[in-house]
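Below: the structure, in structure tokens.
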Amino acid sequence: MKGIIFSGMRPTGKLHLGNYLGALENWVKLQKEYKCYFGVVDLHALTTDYDQADELKENISEMLIDWFSAGIDPEKSTVLIQSYVPEHAELHLLFSMITPLPWLERNPVLKEQVRDLGLKENINYGLLGYPVLMAADILIYKSNAVPVGEDQLHHIELTREIARRFNNLYQKIFPLPQAKLTKIPRLAGIDGRRMSKSLKNTISISDCPETIKEKVKSMITDPQKIRLNDPGHPDICIVFNYQKIFNQDQYKEISIGCKSAKLGCVECKKILAQTLANKFEGFRDKRKYFEKNPKIIREIVIEGSKKARNIAKKTLEEVKKAMKIDYE
Ligand code: AMP
Ligand code: TRP
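This is the structure we're talking about:
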């Protein structure tokens with residue numbers, strides 16, 4: 065084994081193509097090479113969606129079904145729910161003592177969230193501390209690597225800073241974890257901005273072929289290619305960008321067809337929609353199995369959280385000793 069991995073996702077429902085290409089597909093690969101912990105970070109979800117707590121249970125199920133259908137294997141990886149391992153929250157509190165406020169206030173991810181969610185001045189304490197909780201998630205397992213999409217890089221940098229500060233102040237307990245990106249660390253959504261649930265520009269990996277077709281149909285192409293026989297500019301076209309990612313066998317031909325005005329956008333979109341539907345056909349079948357057997361999933365995460373807790377408790381004990389809060 066090459067080392068220890070922790071990564072997590074907020075349970076906001078079904079996963080999209082960005083989650084898949086930026087993280088989940090990589091998790092499935094890495095579980096053969098690393099000791100992996102994958103966490104459903106429900107407390108992180110509450111930092112923004114605290115008023116939608118009713119949806120949490122359903123969202124956790126949907127996300128776990130996606131993980132297992134995509135190939136996360138409980139025989140190889142430990143799958144846990146963050147709130148079932150309360151040591152994450154306790155370590156978060158201890159880390160909050162050594163995290164200077166300006167580190168959190170300058171967080172660009174927070175600034176983006178404030179803009180996208182319209183939060184303005186109304187930021188809650190938990191949201192400001194989001195990266196501190198994330199550092200606790202990662203470091204409680206002494207992880208060396210964290211497979212995530214590009215939007216998380218700043219958070220991982222902060223995790224390293226917190227680890228460095230802890231190690232200098234008290235005792236060298238933590239490794240400095242590295243982010244692990246994929247070839248597609250930032251997938252654009254159907255409107256060209258970063259694919260994200262909050263921007264409502266996603267294609268879910270569980271979408272049925274009909275829905276995929278509708279969504280692909282609505283994608284904007286090269287504005288100068290209005291009729292079939294207008295030559296197109298694939299390099300500025302989102303649909304072509306997708307063809308390059310998902311249709312490696314055909315994209316060169318598609319580029320030639322588009323530039324020479326032989327392939328129209330309608331046809332090009334049909335090819336893409338079909339390719340996407342085919343890619344996730346096996347996944348959709350597996351999903352049906354887990355949808356019918358929710359008990360299996362519950363058992364896996366209860367078992368996984370217990371296993372994770374044993375490790376987390378040990379790290380927390382070490383931390384408390386180092387911070388002199390063990391009165392023995
Ligand atoms: P989230 O749904 O924001 O909790 O993200 C879960 C994981 O997917 C994180 O590792 C993100 O970095 C990754 N991710 C989210 N959106 C994208 C995207 N558009 N492109 C690539 N990776 C993404
Ligand atoms: N912030 C991550 C996201 O939005 C989710 C997350 C929480 C996470 N804790 C983590 C990712 C620890 C990696 C490691 O996607």
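Mind the numbering: the sequence shown is residues 65 to 392 in my numbering, read in order.
Note that CB positions come from ideal geometry on N, CA and C, so glycine has one too.
Suppose you measure from the CA of residue 120 to the CA of residue 229; what does that come to, to the nearest Å?
34 Å
For a quick check, are the C-beta atoms of residue 333 and residue 281 less than 8 Å apart?
yes
How long is the line joining the alpha carbons of residue 86 and residue 382, rounded to whole angstroms?
Between residue 86 and residue 382, the C-alpha separation is close to 33 Å.
Extent of the continuous alpha helix (DSSP H) run through residue 273
273-281
Taking just the CA atoms, how far does residue 297 sit from residue 138?
45 Å
Between the beta-carbon of residue 73 and the beta-carbon of residue 104, is there less than 8 Å?
yes
Apart from the five residues just before and just after residue 270, which ones in its own chain have a Cβ nearer than 7 Å to its Cβ?
78, 130, 348, 351
Heavy atom of the ligand TRP within 7 Å of residue 262 beta-carbon:
no
For residue 212, the nearest candidate out of 267, 235, 84 (CA to CA)
84
Just to confirm before moving on: does the CB-CB distance between residue 375 and residue 209 stay below 8 Å?
no
Going along the chain, which residues of its own chain have a beta-carbon closer than 6 Å to the beta-carbon of residue 306, five neighbours each way excluded?
Excluding positions up to five away in sequence, the list reads 336.
Cβ of residue 71 within 7 Å of any heavy atom in the ligand TRP?
yes
Report the rounded CA-to-CA distance for residue 123 versus residue 75, giving the unit in angstroms.
Whole-angstrom Cα-Cα distance: 5 Å.
Length of the line joining the Cα atoms of residue 311 and residue 251:
15 Å
Residue 80 beta carbon less than 8 Å from that of residue 259:
yes
With a Cβ-Cβ cutoff of 8 Å, do residue 151 and residue 226 count as a contact?
no
Among residues of its own chain, excluding the 5 on either side of residue 127, which ones have a beta-carbon nearer than 6 Å to its beta-carbon?
Closer than 6 Å at Cβ, skipping near neighbours: 75.
Within 8 Å, strictly: CB atoms of residue 279 and residue 267:
Cβ distance < 8 Å, so residue 279 and residue 267 count as in contact.
Three CB pairs or more closer than 8 Å across the segment 314-334 and the segment 349-368:
no
Between the segment 183-203 and the segment 153-169, do three or more beta carbon pairs fall short of 8 Å?
yes
In this structure, how does DSSP classify residue 101 when only helix, strand and coil are distinguished?
strand
So, are the CB atoms of residue 300 and residue 286 less than 8 Å apart?
Yes, these two residues count as a Cβ contact at 8 Å.
Work out the CA separation of residue 94 and residue 100 for me, nearest whole Å.
8 Å
Give the residues whose C-beta lies closer than 5 Å to at least one heavy atom of the ligand AMP, in chain order.
That gives 73, 74, 82, 83, 86, 87, 212, 213, 215, 216, 250, 251, 258, 259.
Can you name, in chain order, every residue of its own chain whose Cβ lies under 7 Å from the Cβ of residue 234, other than the five neighbours on each side?
Taken in chain order, the residues that qualify are 386, 387.
Alpha carbon of residue 264 to alpha carbon of residue 256, nearest angstrom:
12 Å
CA-CA distance, residue 179 and residue 391?
46 Å
When the Cα of residue 238 is compared with those of 245, 102, 325, 223, which residue comes out closest?
223
If we call anything under 8 Å between Cβ atoms a contact, is residue 417 one with residue 106?
This structure does not reach residue 417, given that the chain is present from 65 up to 392, and the question cannot be answered.
Rounded straight-line distance, which links the Cα of residue 182 to that of residue 358:
36 Å
Verify whether the separation of the beta carbon atoms of residue 144 and residue 365 is less than 8 Å.
yes
Would you list the residues sitting across from residue 242 in a DSSP beta bridge?
209
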